[in-house]
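Just so you know, we're using my numbering here: the sequence shown kicks off at 183 and counts up by one. In this text, a Cβ means the ideal position worked out from N, Cα and C, and glycines have one as well. Encoded as structure tokens, the structure appears first; notes follow it.
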Amino acid sequence: MTDDSPVMELLVEQAVTPASMRSVSSRFATGVIVLTVGGDHVHGMTANAFSSVSLEPPTVLCCIAQSAVMHRALTTERRFGVSILASGQRDQAAFFADKFRPLGPTQFDGVDWQAGPRTGVPLLLGAVAWLECEVVDMHAACDHTVFLGSVESLSRGSTDDALLYFGGGYRRIAA
Numbered sequence: 183m184t185d186d187s188p189v190m191e192l193l194v195e196q197a198v199t200p201a202s203m204r205s206v207s208s209r210f211a212t213g214v215i216v217l218t219v220g221g222d223h224v225h226g227m228t229a230n231a232f233s234s235v236s237l238e239p240p241t242v243l244c245c246i247a248q249s250a251v252m253h254r255a256l257t258t259e260r261r262f263g264v265s266i267l268a269s270g271q272r273d274q275a276a277f278f279a280d281k282f283r284p285l286g287p288t289q290f291d292g293v294d295w296q297a298g299p300r301t302g303v304p305l306l307l308g309a310v311a312w313l314e315c316e317v318v319d320m321h322a323a324c325d326h327t328v329f330l331g332s333v334e335s336l337s338r339g340s341t342d343d344a345l346l347y348f349g350g351g352y353r354r355i356a357a
């Protein structure tokens with residue numbers, strides 16, 4: 183077999199380990215969201231394991247580690263908000279990814295947010311879009327749980343660039 187292209191990349195098989203999986207997965211660009219829960223278990227968490235599942239009925243999914251504070255909050259409250267972050271919200275993404283930030287309602291002190299109109303969950307102001315969802319199904323998947331959420335309310339926000347995560351860092355892309 184010949185290849186006339188000027189560049190030919192060699193595929194080198196690696197051992198499948200958590201580190202190699204993280205390295206390979208980091209080459210897939212994802213959007214960045216802050217997932218929020220209200221009620222008696224108020225909590226926020228930066229996530230990128232989020233996707234639209236269906237337009238009819240409108241359904242999304244998010245994957246949460248079973249050891250995460252968000253996992254307990256979400257399985258108890260069963261309603262969540264999604265703030266799809268703008269490129270100018272790197273600080274909020276980093277804050278809600280910090281395991282040492284305050285927990286409970288005080289983690290939202292100093293963060294611009296408002297209660298969602300349908301569920302009351304915190305939604306971050308300045309985001310490019312928001313969703314309010316109700317958990318309709320959960321599936322255990324290794325050390326995570328896949329939560330399926332029925333979209334109860336949604337809105338587009340800022341026309342700023344969206345925030346992306348790629349190669350271990352935050353990036354931006356034109357919306």
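Please return the same chain residues whose Cβ sits closer than 8 Å to the Cβ of D294, not counting the five positions on each side in sequence. Within the sequence shown, residue 294 is the residue found at index 112, counting from 1. Excluding residues within five positions, the ones whose Cβ falls inside 8 Å are L306, L307 and G308.
(message) Going by DSSP in three states, V235 sits in which element: helix, strand or coil?
(response) Here residue 235 is taken as the residue at index 53 of the sequence shown, counted from 1. Of the three classes helix, strand and coil, the one that applies to V235 here is strand, per DSSP.
Opposing strand residues paired with D319 [DSSP bridges]: Taking the first residue of the sequence shown as position 1, residue 319 is located at position 137. Answer is L330, bridged to D319.
| Can you name, in chain order, every residue of its own chain whose Cβ lies under 8 Å from the Cβ of A323, other than the five neighbours on each side? | Your numbering for residue 323 matches position 141 in the sequence shown. Hits under 8 Å: C245.
Grab the span of the alpha helix (DSSP H) containing V206 for me, first residue to last. Here residue 206 refers to the residue found at position 24 of the sequence shown. Segment P200 to S207, the alpha helix (DSSP H) holding V206.
Where S265 falls: helix, strand or coil (DSSP)
One-based indexing of the sequence shown puts residue 265 at position 83. Of the three classes helix, strand and coil, the one that applies to S265 here is strand, per DSSP.
Check your understanding: Roughly how far, in whole angstroms, is the beta-carbon of A211 from the beta-carbon of F348, given that I think they are within contact range, below 8 Å?
Key -> For the purposes of this step, residue 211 is identified with residue 29 of the sequence shown, where counting begins at 1. For the purposes of this step, residue 348 is identified with residue 166 of the sequence shown, where counting begins at 1. About 4 Å separates the two Cβ atoms, so the contact holds.
Relative to the alpha-carbon of P299, which residue among L346, D273 and G263 has its alpha-carbon at the smallest distance?
The count along the sequence shown starts at 1 and reaches residue 299 at position 117. Among L346, D273 and G263, the Cα nearest to that of P299 is on G263.
Task: Coil, strand or helix - E314 by DSSP - done: Stepping through the sequence shown from its first residue, residue 314 is reached at position 132. Strand, per DSSP.
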